[in-house]
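Taking it in order: structure first as structure tokens, then the write-up.
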Amino acid sequence: MKKIFAASALATFAFSAHAQSSMTLYGILDQAMTYTNNTGTTKADGTVTPAGSKFAMDSLSGTAGSRWGIRGDEDLGGGLHTIFTLESGINMPTGGFGQGGLMWGRQIFVGLRSTQYGQVTLGRQYDSVYNFTMPLDAGTLNSNGAAMHAGDVDNAAINLRQNNSIRYLSPTIKGLTFGGGLALGGVAGDVTNGLQYNFGAQYDTGMGLKLGAAYEFFKNPTGSTSGTGWFTSNGSGTLLSHQLDAGYTSAQSYQIAMVAAQYTKGPWTFAGSWSNAQFGKMTAFNGASVTFNTFDLGVQYMWSPFFSTAVGWNYQTSAGVTRPDRTKVGNQHSNQFYTLISYFLSKRTTLYAAAGYQDSRGVNSQGGRAVADIDNIVDSSTGKQVVARLGIRHNF
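Quick note: the sequence shown uses the numbering used here, first residue 848, plus one each step.
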């Protein structure tokens, strides 16, 4: 009898412990047929050789990058939870991983969450642009790669992640949420080498208006030492790989400031943002810096619960920087127009058509003619580029 009672008690305890924990499998499958009217091959001197138009399948730059993940939550009692997330990007046309082939390239972290005090997490994570301004940006409102800013110089497309990072996110207090993160460089003898920090906030007025702001700073962003190299060596992102900014690889610092707002009234949603991105202390330019300013406006209209359209425009400009030989490079600007039409077959499945057009003018970062670059994917061989997509997205 005692053995039966003990077994029953153990089973009850095991069931109770299980009931206080949860694990969720989730993901997005987004596959599109993509047409790019002009692509090019970049030569060592910074010029681009025409390669013609391109028609291909794309699962990484549609309305949402394809992914799957596991999210866990253990209730420790007293409002305290252990949380974790493992999330992997999927390249559907090839079956490979996204984010440079990393298995958990999108994010992977573990931490503690308090209903009263917020959460602290450790691992490879997103930044404050992702938490506080990107959700309000006009490009996100249109939610397609054709709306992303040229070169993604302000990380509005969230190409960058932070390795070795510690993040804090507050609970929502009367509409206000705030937080920040610190990514450790991991370089022996210099705790600041490869350091990255960011912070931001978002405020929901409760009357349809949301406001967000974020700032982040990277030291030694192109370093090759383990733990550093935010742009080039750890799969965090793809900055500095196109003519827009490829000449700025000697930057010793990189910083972003961004503000965004979104207002919803009935079926209408309006969004706007401004960002300032700076590549600083570039040794190839005698320590000078170069700055990009990007302005973005967009609007979405819900015709019915099943059908929506969105349009937008962004403008990016840079005054450039002077080389040691007194020639100026990088003085360029671009206008970009984009649209998204969505038909919702269900809460989980959407058919969509998206398109973008970019017109870039001036001199690129390597001294050649400025070329268009929608969504930081492939340079055009001219200052103009058109991208069009027909796709399907399923959330699970």
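For glycine and all other residues, C-beta sits at the position ideal for the given N, C-alpha and C.
As a beta-bridge residue in DSSP terms, K1112 pairs with W1115.
Of the candidates S990, K1066 and V976, V976 places its Cα closest to the Cα of F1025. G912 and V1210 have their C-alpha atoms spaced approximately 31 Å apart.
Taking one beta carbon from each stretch, the segment 1054 to 1073 and the segment 985 to 995 have fewer than 3 pairs nearer than 8 Å; the two do not touch. The straight-line gap separating the alpha-carbon atoms of N1178 and G965 is approximately 44 Å.
Looking at the DSSP output, I875 shares a beta bridge with R914 and N1242. Between S1100 and K1066, the C-beta spacing is below 8 Å. The Cβ atoms of Q1163 and T1141 sit closer than 8 Å to each other.
Here G1145 has A985, L988, N989, A1118 and G1159 as same chain residues with Cβ atoms under 6 Å from its own Cβ, once five neighbours each way along the sequence are excluded. In the structure shown, the three-state DSSP call for V1210 is strand. In this structure T980 is in contact with A1061, their Cβ atoms being roughly 5 Å apart against a cut-off of 8 Å. When secondary structure is reduced to three states using DSSP, I1221 falls in the helix class.
The alpha-carbon of S1151 is positioned some 27 Å away from that of S1120. Annotation: the continuous beta strand (DSSP E) that includes A1157 extends over F1154 to T1169. Three or more beta-carbon pairs separated by less than 8 Å link the segment 870 to 881 to the segment 913 to 927, which places the two stretches in contact.
Between the alpha carbons of R953 and L959 lies a distance of about 20 Å.
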